[in-house]
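Here's the structure we're looking at; comments come further down.
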Amino acid sequence: MAIVISGVGEWTPPYSITNAELVASYNAYADRYNAANDAAIARGELEAKPHSSVEFIEKASGIKTRFAYQKDGILDPDCMRPRIARRSEDELSHQAEMSLHAAAKALAAANKTGADIDMVIVSCAYTERSYPAIAIEVQHALGIAGFGFDMLVACSAATFALQRAHDALAAGSARGVLVINPELTSPQVNYCDRDSHFIFGDVATAVVLEDERTCTAQHSYRILGTRAITQYSNNIRSNFGYVARAEGGDPFDAERLFHQNGRKVFKEVCPLAADHLEAQVAAVGLSVSDIRRWWLHQANLNMNQLITRKLLGTDPTHDVAPIVLDRYANTASAGSIVAFAHHHEDLRAGDYGVICSFGAGYSIGSLAIQKR
Ligand SMILES: CC(C)(COP(=O)(O)OP(=O)(O)OC[C@H]1O[C@@H](n2cnc3c(N)ncnc32)[C@H](O)[C@@H]1OP(=O)(O)O)[C@@H](O)C(=O)NCCC(=O)NCCS
């Protein structure tokens, strides 16, 4: 029995933010901060905030723009966070709404409806509440029988959920699975932090998986193997959680928001990801030269180039390892799925590909697939 990916969908938020816009608002914020604290800075009690730069961001990351669920607030030096209207308990939640947009496209691509699905996994870097699970809200909205649950695995949430879906189908505990990644990252970005204010963007992706025998999709991919590894690291952290209320202090201070030691992450994750990919390909009886396309995690252009150079021995073309982070920035777990959504229909029957994510945890997940 073969398990297939039979549909993929993506929802892109309506607002885009350029590096120039982001840098202008950050620099205005930094100037105000420095002016307000000039005496303490002069006494050496506080450090002045240096300016951010468009050139640095593009050279260090490859990112040019990012999408935002709400642009209002992010570019206001007095706010420096998205202004997202609170919804009542009777309204659809923000992440359920994002999920439904992406799910509709994935279901249409797979020629399926909610009636064909009996398991919904919402898997992403953050969920906006603890319960009821966003997945159950989505399940309800789509009239799906069966069950749903949420999963958090930071940047590997999508690939780890695809592995869960694959295993459930193989075990017979599900017959159609919808995996959704509503990556609403902007509320956890510290737009006052020069090191990380440019890194993330918002997006939602969805994937339908099923038994090959029920698949009627125009474009579908047999899953040849899945792989997931984790290795504890303190280098990427987001510390906001429900205990913050009991701990006192500001539950949204810089320590609670996304922060990382980017240089260390770069150095440690690149070899881990390259080794993981090599092992994944070998485990399904292939060699790296057999792989027609690599849909890699989209955090940093230099990182992807280093990993693919280590694997292939040459610089990959956009055709071999497509890049979407220039437009989308790092969309947490959704990045490799966005790359897949944009660049999969041109593969020919029999072509091999690998979807791979890497990020906080550390966590690395991958799927080796073959076009049917
Ligand atoms: C974050 C990242 C883009 C930073 O790039 P980098 O080349 O490592 O840059 P560094 O952090 O070493 O900073 C280099 C210098 O630029 C400065 N700098 C940092 N942000 C800047 C900005 N926005 N504008 C201008 N200068 C900046 C730093 O302060 C540092 O200055 P110094 O040399 O005087 O100390 C890069 O490390 C990265 O992407 N790492 C991987 C992160 C990742 O994938 N995380 C996964 C998240 S899920």
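Numbering (my numbering), first residue to last: 1 to 372. Built from N, CA and C at the ideal position, the CB exists for glycine as well.
Those residues which DSSP pairs with residue i across a bridge
{"i": "residue 56", "result": "Paired residue(s): none; residue 56 is not in a bridge."}
{"i": "residue 357", "result": "365"}
{"i": "residue 259", "result": "237"}
{"i": "residue 119", "result": "147 and 177"}
{"i": "residue 16", "result": "67"}
{"i": "residue 7", "result": "208"}
{"i": "residue 229", "result": "364"}
{"i": "residue 203", "result": "183"}
{"i": "residue 124", "result": "152"}
{"i": "residue 371", "result": "221"}
Supposed close pair residue i, residue j - CB separation, criterion 8 Å
{"i": "residue 159", "j": "residue 357", "result": "5 Å"}
{"i": "residue 337", "j": "residue 205", "result": "4 Å"}
{"i": "residue 90", "j": "residue 176", "result": "Wrong, their Cβ atoms sit about 29 Å apart, outside the cutoff."}
{"i": "residue 23", "j": "residue 61", "result": "With 8 Å as the limit, residue 23 and residue 61 do not qualify as a contact, their Cβ atoms being about 13 Å apart."}
{"i": "residue 26", "j": "residue 197", "result": "5 Å"}
{"i": "residue 2", "j": "residue 222", "result": "5 Å"}
{"i": "residue 209", "j": "residue 166", "result": "6 Å"}
{"i": "residue 157", "j": "residue 125", "result": "6 Å"}
{"i": "residue 94", "j": "residue 69", "result": "7 Å"}
{"i": "residue 161", "j": "residue 123", "result": "3 Å"}
{"i": "residue 362", "j": "residue 272", "result": "7 Å"}
{"i": "residue 207", "j": "residue 5", "result": "6 Å"}
{"i": "residue 178", "j": "residue 120", "result": "5 Å"}
{"i": "residue 299", "j": "residue 308", "result": "That belief does not hold up - the Cβ atoms of residue 299 and residue 308 are roughly 14 Å apart, past 8 Å."}
{"i": "residue 297", "j": "residue 155", "result": "6 Å"}
Cβ-based neighbour list, residue i, same chain, cut-off 6 Å, excluding 5 preceding and 5 following
{"i": "residue 79", "result": "73"}
{"i": "residue 129", "result": "none"}
{"i": "residue 244", "result": "251"}
{"i": "residue 163", "result": "226 and 228"}
{"i": "residue 368", "result": "224, 225, 280, 284 and 354"}
{"i": "residue 105", "result": "9"}
{"i": "residue 16", "result": "65 and 67"}
{"i": "residue 143", "result": "114"}
{"i": "residue 37", "result": "46"}
{"i": "residue 335", "result": "297 and 298"}
Residues near residue i in its chain [Cβ-Cβ closer than 7 Å; skip 5 each side]
{"i": "residue 340", "result": "8, 295 and 355"}
{"i": "residue 48", "result": "34 and 41"}
{"i": "residue 12", "result": "67 and 203"}
{"i": "residue 305", "result": "315"}
{"i": "residue 29", "result": "77, 80 and 192"}
{"i": "residue 195", "result": "262"}
{"i": "residue 255", "result": "239"}
{"i": "residue 264", "result": "235"}
{"i": "residue 111", "result": "216 and 217"}
{"i": "residue 113", "result": "107"}
{"i": "residue 149", "result": "121, 133 and 135"}
{"i": "residue 290", "result": "352"}
{"i": "residue 21", "result": "75"}
Beta-carbon proximity list for residue i, same chain, < 8 Å, skipping 5 on both sides
{"i": "residue 64", "result": "18, 19, 58, 326 and 327"}
{"i": "residue 288", "result": "277, 278, 281, 311 and 312"}
{"i": "residue 237", "result": "258, 259, 260 and 360"}
{"i": "residue 318", "result": "none"}
{"i": "residue 373", "result": "Given that the chain is displayed from residue 1 to residue 372, the structure contains no residue 373 and the question cannot be resolved."}
{"i": "residue 170", "result": "1 and 3"}
{"i": "residue 242", "result": "130"}
{"i": "residue 370", "result": "221, 222, 224, 350, 351, 352 and 353"}
{"i": "residue 268", "result": "233, 235 and 362"}
{"i": "residue 146", "result": "117, 118, 119, 120, 139 and 174"}
(request) Can you check the stretch 135 to 196 for any beta strand (DSSP E) of at least 3 residues that lies completely inside it and give the ranges in chain order? (result) 147 to 152 and 176 to 183
(request) May I have a chain-ordered list of the alpha helix (DSSP H) segments no shorter than 4 residues that lie completely inside the stretch 54 to 90? (result) 54 to 61
(request) Ignoring anything shorter than 3 residues or poking outside the stretch 291 to 352, list the beta strand (DSSP E) runs there in chain order. (result) 291 to 296
(request) Take every Cβ of the stretch 319 to 336, pair it with every Cβ of the stretch 166 to 185, and state whether three or more of those distances are shorter than 8 Å. (result) A contact between stretches requires three or more CB pairs, one per stretch, nearer than 8 Å, and the stretch 319 to 336 meets this requirement with the stretch 166 to 185.
(message) Assess contact between the stretch 207 to 220 and the stretch 277 to 287, defined as three or more Cβ pairs (one per stretch) separated by less than 8 Å. Is contact present?
(response) no
(message) Taking contact to mean 3 or more Cβ pairs, one atom from each stretch, closer than 8 Å, check whether the stretch 131 to 144 and the stretch 92 to 102 are in contact.
(response) Touching, yes, given that three or more Cβ pairs across the two stretches are closer than 8 Å.
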